[in-house]
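*Asks:* Have a look at this one before I ask anything.
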Amino acid sequence: MKKINGLIGLVIAGLVMLTSCNNSESSPKKSGGALKSSAAEKVYVAPGEHDEFYAFISGGFSGQLSVYGLPSGRLLKVVPVFSQDPEKAWGYNEETKPMLNTSHGFIPWDDAHHPDISQTNGQVDGRYVYINANNTPRIAKVDLSTFETTEIIEVPNSAGNHSSSFVTENSEYVVAGTRFSVPFPQRDMSIKDYKGNFKGALSFIKLDEEDGGMDLSFQIMMPGFNYDLSHPGRGKSHGWFFFTTYNTEEANTLLEVNASQNDKDFIAAVNWKKAEEYIKAGKFKTVPANYAHNVYDEKTHTATSTMKKEVRILDPAECPGLVYFLPTPKSPHGCDVDPSGEYIVGNGKLSANLTVHSFTKMLKAIEDKKFDGEAYGIPILKFEDVLAGVVEQPGLGPLHTEFDGKGNAYTTFFISSEVVKWKLDTWEVIDRKPTYYSVGHLMIPGGNSSKPFGKYVIAMNKITKDRYLPTGPEVTQSAQLYDITGEKMELLLDFPTIGEPHYAAGIPADLVKPRSKQYFPLEENEHEYAVKSEAETKVVRKGNEVHIYMTMIRSHFAPDNIEGVKVGDKVYFHVTNLEQDYDVPHGISVIGANTSELLIMPGQTETFVWEPKQVGVWPFYCTDFCSALHQEMQGYVRVSPKDSDIDLSWTLGE
Ligand code: K7E
Ligand code: CUA
7 MKKINGLIGL VIAGLVMLTS CNNSESSPKK SGGALKSSAA EKVYVAPGEH DEFYAFISGG
67 FSGQLSVYGL PSGRLLKVVP VFSQDPEKAW GYNEETKPML NTSHGFIPWD DAHHPDISQT
127 NGQVDGRYVY INANNTPRIA KVDLSTFETT EIIEVPNSAG NHSSSFVTEN SEYVVAGTRF
187 SVPFPQRDMS IKDYKGNFKG ALSFIKLDEE DGGMDLSFQI MMPGFNYDLS HPGRGKSHGW
247 FFFTTYNTEE ANTLLEVNAS QNDKDFIAAV NWKKAEEYIK AGKFKTVPAN YAHNVYDEKT
307 HTATSTMKKE VRILDPAECP GLVYFLPTPK SPHGCDVDPS GEYIVGNGKL SANLTVHSFT
367 KMLKAIEDKK FDGEAYGIPI LKFEDVLAGV VEQPGLGPLH TEFDGKGNAY TTFFISSEVV
427 KWKLDTWEVI DRKPTYYSVG HLMIPGGNSS KPFGKYVIAM NKITKDRYLP TGPEVTQSAQ
487 LYDITGEKME LLLDFPTIGE PHYAAGIPAD LVKPRSKQYF PLEENEHEYA VKSEAETKVV
547 RKGNEVHIYM TMIRSHFAPD NIEGVKVGDK VYFHVTNLEQ DYDVPHGISV IGANTSELLI
607 MPGQTETFVW EPKQVGVWPF YCTDFCSALH QEMQGYVRVS PKDSDIDLSW TLGE
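For the sequence shown, the tail end lands on 660 under the working numbering, and the numbers increase by one without skipping.
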């Protein structure tokens with residue numbers, strides 16, 4: 007019986023491989039089985055019950071971070087990060103616009119790939135999620151007490167901030183590596199002179215112990231390769247950071263051919279504890295830079311943007327022991343470290359096998375000075391000396407690996423569309439399950455820590471084809487949930503995702519729930535334009551600026567009748583939600599405003615600007631259904647001609 011199962015498994019896997027994701031004839035319904043009632047039971051979270059895990063799934067080109075419950079796959083929230091979001095006024099209201107400031111000006115969009123949860127003693131601690139922006143390099147911090155983005159730092163000397171944003175085991179650093187190498191310093195030069203002149207920056211951003219705040223501590227200026235992905239060492243390898251590279255050929259055109267010439271690229275092993283020593287010893291250069299550091303203050307409910315002007319640079323050629331290269335076959339993509347910190351898995355996109363390096367062997371090879379030449383002054387270790395083992399022919403197009411904490415690894419295969427379970431130490435394949443289709447990353451809650459919660463894995467798929475109801479040329483992308491408690495994986499659920507899910511971070515809900523805020527205490531509100539009672543509300547003119555100090559509470563605004571505004575005025579609605587109760591936001595918008603609504607949490611103040619262009623009496627109203635009298639929550643602004651002499655007045659209940 008076992009043999010037959012094995013055979014069938016092979017045939018199915020083979021079929022999937024042959025048909026790949028481009029052929030919608032490979033109907034999932036035939037190979038599915040997820041409709042079994044046992045599977046349904048496993049993902050069923052009864053009405054009113056909570057999920058066991060949070061999953062934070064990146065939105066890719068949506069620039070956002072979406073929050074799901076597992077195992078149900080229910081969407082709980084979309085947290086705006088690098089993209090404007092009219093639902094929450096993120097990047098539209100005056101308070102959050104500075105969050106999207108960069109050295110290139112206001113950037114309302116980005117491509118967000120890798121969320122990672124802060125850690126304490128190697129375990130996810132549920133305090134913050136860090137996530138990268140690829141296009142205009144940035145790292146954001148999302149605070150899990152409010153599920154809001156509270157900090158964004160731009161990364162200078164980088165482009166395509168892809169090998170980011172991963173956190174070390176005590177949240178010492180969040181690390182970012184550049185995918186594209188660029189001239190350093192940036193300058194006007196011929197692209198043909200790429201080789202030797204372009205550089206790749208690896209950035210170490212120090213995290214504040216108290217509030218998780220970010221500060222770019224130093225950059226290591228590496229050769230002009232592409233730095234694709236990275237992960238921190240942990241346990242015995244704590245203090246090291248590993249980065250996959252491709253394009254060690256340093257090609258600047260037609261990379262699909264020219265960057266696939268070398269049989270092996272590298273994993274760069276960076277000793278960041280050593281880097282700290284070099285920084286202490288003053289072995290860095292301080293170079294001019296220009297990058298934004300944007301911080302949202304929970305007391306003022308307002309963000310500020312500061313331009314930073316320099317950065318410390320370490321040159322690995324001048325810092326012996328800082329970086330070593332581990333040869334790794336065929337343009338590796340994923341770079342994953344197992345929970346013990348011993349194994350570093352490099353997934354060569356074009357390789358038939360999976361390469362696993364040994365940290366212990368690496369240290370030994372370094373000690374014995376067993377080098378196989380060097381590149382730009384960085385020693386290259388011998389492949390055989392650092393190799394722990396090879397998973398033979400597990401599938402086609404390996405991308406990413408996660409771990410269950412029970413000695414097993416799970417790797418995604420993009421081309422053969424499957425997740426393959428294999429055993430650390432013996433390197434044998436234990437199980438394989440198809441994904442629908444073309445899987446990228448996968449995620450096990452805590453899978454990037456020393457303590458994974460190996461109950462589920464989700465696979466994040468690039469292509470879904472026939473899996474969902476058609477929605478025009480673009481169909482939803484999706485995640486698939488597998489039960490991994492048994493020897494064999496079991497597909498339980500498909501659920502659609504926001505944007506293109508690249509990576510995700512998961513954590514038991516119990517580690518997050520107790521810290522979740524219910525409202526902002528009004529007495530702590532230090533917003534410049536906050537008013538804490540209806541008695542304090544007022545309207546003030548400063549030239550052609552009109553500032554309305556407004557409040558909202560169930561179910562009226564104060565004031566709700568305003569006169570004396572003129573065409574040509576810039577009207578600032580500074581609105582404070584006086585509620586001190588859980589889950590009672592109010593919204594506000596006014597006809598003709600060239601911006602989004604505000605959605606204001608209890609105790610919070612937000613501002614939008616309205617520039618009325620037409621004479622008349624214009625209504626504003628609450629946009630969030632807040633009580634039985636929500637539809638009564640409205641008001642009027644009278645707009646008079648530019649030369650009118652009507653004085654400002656404001657009333658409520660008159
Ligand atoms: Cu999509 Cu991590 Cu940006 Cu691989 S990356 S899939
Ligand atoms: Cu307030 Cu609806």
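Ideal Cβ placement from N, Cα and C applies to all residues, glycine included.
Just reading off the beta strand (DSSP E) that Asn264 is part of, what are its end residues?
*Replies:* What you label residue 264 is simply residue 258 of the sequence shown in a count that begins at 1. Unbroken run through Asn264 is the alpha helix (DSSP H), Leu261 to Asn264; no beta strand (DSSP E).
*Asks:* Specify the secondary structure class of Ser32 as computed by DSSP and reduced to three states.
*Replies:* Working through the sequence shown from its first residue, we reach residue 32 at position 26. For Ser32, the predicted structure reports a pLDDT of 41, less than 50, and the residue's modelled location is therefore unreliable. The matter cannot be settled from this model.
*Asks:* What does the alpha-carbon distance come out to for the pair Phe419 and Leu448?
*Replies:* What you label residue 419 is simply residue 413 of the sequence shown in a count that begins at 1. What you label residue 448 is simply residue 442 of the sequence shown in a count that begins at 1. If you draw a straight line from the Cα of Phe419 to the Cα of Leu448, it is about 10 angstroms long.
*Asks:* Between the C-alpha atoms of Thr3 and Gly598, what's the straight-line distance to the nearest angstrom?
*Replies:* For the chain, the structure presents residues 7 to 660; residue 3 sits outside this window and is missing.
*Asks:* If you run the structure through DSSP and keep just helix, strand and coil, what is Ser44?
*Replies:* Position 38 of the sequence shown holds residue 44. In this structure, Ser44 counts as helix in the three-state DSSP scheme.
*Asks:* By a C-beta neighbour count over all protein chains shown, 10 Å radius and 16 as the cutoff for buried, is Asp649 buried or exposed?
*Replies:* Your numbering for residue 649 matches position 643 in the sequence shown. When all chains shown are included, Asp649 counts as exposed.
*Asks:* Does the Cβ of His592 lie closer than 7 angstroms to at least one heavy atom of ligand 2?
*Replies:* What you label residue 592 is simply residue 586 of the sequence shown in a count that begins at 1. For ligand 2, at least one heavy atom lies less than 7 angstroms from the Cβ of His592.
*Asks:* Cα separation between Asp269 and Lys336?
*Replies:* In the sequence shown, residue 269 corresponds to position 263, counting from 1. In the sequence shown, residue 336 corresponds to position 330, counting from 1. Their backbone Cα atoms lie some 6 angstroms apart in a straight line.
*Asks:* Secondary structure at Pro345, three-state DSSP: helix, strand or coil?
*Replies:* Sequence index remark: in the sequence shown, residue 345 carries index 339 (1-based). If DSSP states are grouped into helix, strand and coil, Pro345 belongs with coil.
*Asks:* Return helix, strand or coil for Tyr50, following the three-state DSSP convention.
*Replies:* Numbered from its first residue, the sequence shown carries residue 50 at position 44. The three-state reading of DSSP puts Tyr50 in coil, since its state is none of H, G, I, E or B.
*Asks:* In or out: Ser30 buried (at least 16 other Cβ within 10 Å) or exposed?
*Replies:* Here residue 30 corresponds to residue number 24 of the sequence shown, with the count starting at 1. Note that Ser30 scores a pLDDT of 39, beneath 50, so its modelled location is shaky; the value from the coordinates is reported in the next line. The residue in question, Ser30, is exposed, as its Cβ has fewer than 16 Cβ neighbours within 10 Å.
*Asks:* Considering Cα atoms alone, identify which of Lys103, Asp378 and Thr557 is closest to Lys388.
*Replies:* Position 382 of the sequence shown, counting from 1, holds the residue named residue 388. The shortest Cα separation from Lys388 among Lys103, Asp378 and Thr557 belongs to Asp378.
*Asks:* In three-state DSSP terms, what is Thr366?
*Replies:* On the sequence shown, position 360 is the one that residue 366 refers to. DSSP places Thr366 in helix when its eight states are reduced to three.
*Asks:* Ala394 and Phe331 look like a contact to me (Cβ under 8 angstroms); what is the Cβ gap, rounded to whole Å?
*Replies:* Taking the first residue of the sequence shown as 1, we reach residue 394 at position 388. Taking the first residue of the sequence shown as 1, we reach residue 331 at position 325. In this structure, Ala394 and Phe331 do not form a Cβ contact; the two beta carbons are roughly 17 angstroms apart against a cut-off of 8 angstroms.
*Asks:* Could you name the residues of the same chain whose beta carbon sits closer than 6 angstroms to that of Asn28, not counting the 5 residues immediately before and after it, in chain order?
*Replies:* Sequence index remark: in the sequence shown, residue 28 carries index 22 (1-based). Any reading at Asn28 is ruled out, since the residue's pLDDT is 40, under 50, leaving its predicted position unreliable.
*Asks:* Taking all protein chains shown into account, do 16 or more other C-beta atoms lie within 10 angstroms of the C-beta of Ile594, making it buried, or fewer, making it exposed?
*Replies:* As a working mapping, residue 594 is identified with position 588 in the sequence shown. Result: buried.
*Asks:* Considering Ile285, what are the terminal residues of the beta strand (DSSP E) in which it resides?
*Replies:* As a working mapping, residue 285 is identified with position 279 in the sequence shown. No beta strand (DSSP E) holds Ile285; the alpha helix (DSSP H) holding it covers Trp278 to Lys286.
*Asks:* By a C-beta neighbour count over all protein chains shown, 10 Å radius and 16 as the cutoff for buried, is His363 buried or exposed?
*Replies:* Residue 363 sits at position 357 when you count from the first residue of the sequence shown. Looking at its Cβ environment, which holds 16 or more other Cβ atoms inside 10 Å, His363 is buried.
*Asks:* For Ala323, collect the residues of the same chain with a Cβ closer than 8 angstroms to its Cβ; drop the 5 residues on either side in sequence, then sort them by chain order.
*Replies:* In the sequence shown, the residue the question calls residue 323 occupies position 317. Contacts found: Tyr382, Gly383 and Ile384.
*Asks:* Leaving out five residues on either side along the sequence, give the residues of the same chain with a beta carbon under 7 angstroms from the beta carbon of Asp630.
*Replies:* Position 624 of the sequence shown, counted from the start, is the residue given in the question as residue 630. Counting only Cβ-Cβ distances below 7 angstroms, and skipping sequence neighbours, we find Pro591, His592, Gly593 and Leu605.
*Asks:* Quick check: the region 446-462 against the region 493-510, are at least 3 beta-carbon pairs closer than 8 angstroms?
*Replies:* By the criterion of at least three beta-carbon pairs nearer than 8 angstroms, the region 493-510 is in contact with the region 446-462.
*Asks:* Would you say Gly446 touches ligand 1, meaning its beta carbon is less than 7 angstroms from a heavy atom?
*Replies:* Locating residue 446 in the sequence shown gives position 440, where the first residue counts as 1. Result yes, Cβ under 7 angstroms from ligand 1.
*Asks:* Find out if the Cβ-Cβ distance for the pair Gly111, Lys103 is shorter than 8 angstroms.
*Replies:* Sequence index remark: in the sequence shown, residue 111 carries index 105 (1-based). Sequence index remark: in the sequence shown, residue 103 carries index 97 (1-based). Result no, Cβ atoms of Gly111 and Lys103 do not sit closer than 8 angstroms.
*Asks:* Run through the DSSP bridge pairs and tell me what Ser484 is partnered with.
*Replies:* Looking up residue 484 in the sequence shown gives position 478. Asn467 and Pro502, per the DSSP bridge assignment.
*Asks:* Whose CA, out of Gln267, Thr613, Cys325 and Thr306, lies closest to the CA of Lys289?
*Replies:* Numbered from 1 along the sequence shown, position 283 holds the residue referred to as residue 289. Comparing Cα-Cα distances from Lys289 to each of Gln267, Thr613, Cys325 and Thr306, the minimum goes to Cys325.
*Asks:* Along the chain, where does the beta strand (DSSP E) that runs through Glu551 open and close?
*Replies:* As a first step, residue 551 is located in the sequence shown; it is residue number 545 there, counting from the start. Glu551 to Ile559 is the span of the beta strand (DSSP E), which, as asked, contains Glu551.
*Asks:* Where does Lys147 land, buried or exposed, given buried means 16+ other C-beta within 10 angstroms?
*Replies:* Mapped onto the sequence shown, residue 147 falls at position 141. Result: buried.
*Asks:* Between Leu235 and ligand 1, is there a pair consisting of the residue's CB and a ligand heavy atom that are separated by less than 7 angstroms?
*Replies:* Within the sequence shown, the letter at position 229 stands for residue 235. Correct: Leu235 has its Cβ closer than 7 angstroms to ligand 1.
*Asks:* Using a Cβ-Cβ cut-off of 7 angstroms (strictly less than) and excluding sequence neighbours within five positions of Leu261, which residues of its own chain qualify?
*Replies:* Against the sequence shown, residue 261 aligns to sequence position 255. Here the set comprises Asn253.
*Asks:* Can you give me the C-alpha to C-alpha distance between Pro34 and Asp437, rounded to a whole angstrom?
*Replies:* Within the sequence shown, numbered from 1, the residue matching residue 34 stands at position 28. Within the sequence shown, numbered from 1, the residue matching residue 437 stands at position 431. Its pLDDT being 44, under 50, Pro34 is placed unreliably by the model, and nothing is read from it.
*Asks:* By alpha-carbon positions, which one of Ala274, Gly549, Tyr462 and Lys544 ends up nearest to Val392?
*Replies:* In the sequence shown, residue 392 corresponds to position 386, counting from 1. It is Ala274 whose Cα lies nearest to the Cα of Val392.
*Asks:* Is the region 340-359 in contact with the region 393-409, if contact means three or more CB pairs nearer than 8 angstroms?
*Replies:* yes
*Asks:* In terms of alpha-carbon separation, which member of Lys286, Thr366, Glu496 and Thr310 lies closest to Glu5?
*Replies:* Nothing about residue 5 can be reported from this structure: the residues present for the chain run from 7 to 660 only.
*Asks:* Going by alpha carbons, who is nearest to Asp589 out of Val596, Asn567 and Ser633?
*Replies:* The count along the sequence shown starts at 1 and reaches residue 589 at position 583. Taking each of Val596, Asn567 and Ser633 in turn and checking the Cα distance to Asp589, the smallest one comes out for Ser633.
*Asks:* Starting from Asp630, trace the beta strand (DSSP E) in both directions and tell me its first and last residue.
*Replies:* By one-based count along the sequence shown, residue 630 stands at place 624. Per DSSP, Asp630 belongs to no beta strand (DSSP E) and is neither H nor E.
*Asks:* Can you tell me the Cα-Cα spacing of Arg144 and His120, whole angstroms?
*Replies:* Reading the sequence shown from its first residue, position 138 is the one you call residue 144. Reading the sequence shown from its first residue, position 114 is the one you call residue 120. The alpha-carbon atoms of Arg144 and His120 are separated by roughly 12 angstroms.
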